[in-house]
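Q: Sending over a structure as structure tokens; questions will come in a sec.
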Amino acid sequence: MNVLKAHKISKYFYEPEKFQVLKEVDLTVDRGEFLSLVGKSGCGKSTLMYVLSTMDSQYEGELEIAGQRLTGQDQNYLAAFRNKHIGFVFQFHYLLPEFSALQNVMLPALKLNNLSRQAIEEKAYEKLKMLGMEDQALKLSSKLSGGQQQRIAIARALINDPDIIMGDEPTGNLDSNNTHMVFDIFQELTQTFKQTIVAVTHDENFAQKSDRVVEMSDGRIVSEGKKKRAELNIL
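Numbers in this note's numbering are just positions in the sequence shown, counted from 1, shifted up by 1328.
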């Protein structure tokens, strides 16, 4: 079942002159799939990620996530949609240093405001436990290691049970051990919890062990590799 459908996505930059960075990109992503988006710098993969994540709405084409048409929606609608349906994991964790790990994880759910504060706190503990971080819940995020901070960022991305987690170089700031750890977490999320993940990455090993690798070049998708779950290597 598709959770994301992008049809003929084109995108132009106009400074210093008009330039087409995305050229009629078609992409579908199945629920529970772990997809890596790869390509050389400047190929358009990060631009495509911003369009798919609804943070860039200035494009041509059609975008649908979780059965909702997002093309043409206003910014307030898109912001509310992102908070409910999309979780983000970036290269840098963007945690608030003066807040505890628990408080950082709770923030998107407090903004969504669908549950009581107590229920949100319990849910945040649940996500931290899933990632082996419940014992660090009350520690300031600034006192955690880089790998621990990224796990907190993943828990934060999961708090609203999003349809998709979007990762923009989620291991780009980590050493090899923590890169393996993040991949293991992503793989567990897709295999056990049927979480959909779309990640932009320059890490070839990370990409090759995901379910599907989509390669971009010059604003187009040039190849797609599909793997059966049984064929995936477990780190």
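Each residue gets a CB set at the ideal place from its N, CA and C atoms; glycine is no exception. Just so it is clear, the structure is predicted and the values come from calculations on it, not from any experiment.
Can you name the start and end residues of the beta strand (DSSP E) that Met1544 belongs to?
A: Counting along the chain, the beta strand (DSSP E) containing Met1544 begins and ends at 1540-1545.
Q: Taking only runs of the beta strand (DSSP E) that begin and end inside the stretch 1398-1453, which ones reach a length of at least 3 residues, in chain order?
A: Entirely contained in the stretch 1398-1453, the beta strand (DSSP E) runs reaching 3 residues are, in chain order, 1414-1418.
Q: Ignore the nearest five residues each way along the sequence and tell me which others in Phe1514's own chain have a CB closer than 7 angstroms to its CB.
A: Phe1362, Ile1525.
Q: Establish whether the CB of Thr1520 and some CB of chain B are separated by less than 9 angstroms.
A: Absent from the structure is chain B; it holds one protein chain and no more.
Q: Any chance the stretch 1463-1471 sits against the stretch 1389-1399, with 3 or more Cβ pairs inside 8 angstroms?
A: In short, these stretches do not touch, since the Cβ pair count stays below three.
Q: Is the stretch 1366-1384 close to the stretch 1445-1457, with three or more CB pairs under 8 angstroms?
A: No, the stretch 1366-1384 is not in contact with the stretch 1445-1457.
Q: Just verifying my parser: in three-state terms, what is the DSSP assignment at Arg1479?
A: It is helical.
Q: By DSSP's criteria, Thr1524 is part of a beta bridge. Which residues make up the other side?
A: Paired residue(s): Ile1492.
Q: For the alpha helix (DSSP H) containing Glu1532, list its first residue and its last residue.
A: Unbroken alpha helix (DSSP H) run through Glu1532: 1532-1536.
Q: Since Cys1371 and Asp1539 are thought to touch, with beta carbons under 8 angstroms apart, how far apart are those beta carbons, to the nearest angstrom?
A: Cys1371 to Asp1539, Cβ: 21 angstroms. No contact.
Q: Near Glu1559, what residues of its chain come up, given a Cβ to Cβ distance below 7 angstroms and the 5 sequence neighbours on each side ignored?
A: With a pLDDT of 42 at Glu1559, under the threshold of 50, the modelled position of this residue cannot be trusted; read the value that follows with caution. Excluding residues within five positions, none has a Cβ falling inside 7 angstroms.
Q: So what's Ile1487 in DSSP terms, helix, strand or just coil?
A: DSSP places Ile1487 in coil when its eight states are reduced to three.
Q: Terminal residues of the continuous beta strand (DSSP E) containing Ser1338?
A: Its beta strand (DSSP E) spans residues 1330-1341.
Q: Let me know the secondary structure DSSP gives Gln1464 once reduced to three states.
A: Helix at Gln1464.
Q: Roughly how many whole angstroms lie between the Cα atoms of Val1331 and Asn1441?
A: Approximately 24 angstroms, taken between the alpha carbons.
Q: Give the DSSP bridge partners of Ser1551, in chain order.
A: For Ser1551, which the question treats as bridged, DSSP gives the partners Glu1543.
Q: For the stretch 1362-1387, list the alpha helix (DSSP H) runs that are entirely contained and at least 4 residues long, ordered along the chain.
A: Counting whole runs of 4 or more residues, the stretch 1362-1387 contains the alpha helix (DSSP H) stretches 1373-1380.
Q: Closer than 8 angstroms by C-beta to Glu1352: which residues in its own chain qualify, once you throw out the five before and the five after it? Chain order, please.
A: Once the five neighbours on either side are set aside, the close Cβ partners of Glu1352 are Lys1336, Ile1337, Ser1338, Gly1389, Arg1548.
Q: By DSSP, does Gly1360 sit in helix, in strand, or in coil?
A: It is coil, neither helix nor strand.
Q: For Gly1474, which option in Met1329, Leu1355, Asn1505, Asp1384 has the closest C-alpha, if you only look at C-alpha atoms?
A: Among Met1329, Leu1355, Asn1505, Asp1384, the Cα nearest to that of Gly1474 is on Asn1505.
Q: In chain order, what residues of the same chain lie with their CB nearer than 8 angstroms to the CB of Ser1374, ignoring the 5 residues before and after it?
A: These residues qualify, in order along the chain: Asp1496, Val1528.
Q: Assuming Asn1411 contacts Lys1439 under a Cβ cut-off of 8 angstroms, what Cβ separation, rounded to an integer in Å, is found between them?
A: Confirmed, Cβ separation roughly 6 angstroms.
Q: Going by DSSP in three states, Leu1517 sits in which element: helix, strand or coil?
A: Reduced to three states, the DSSP call for Leu1517 is helix.
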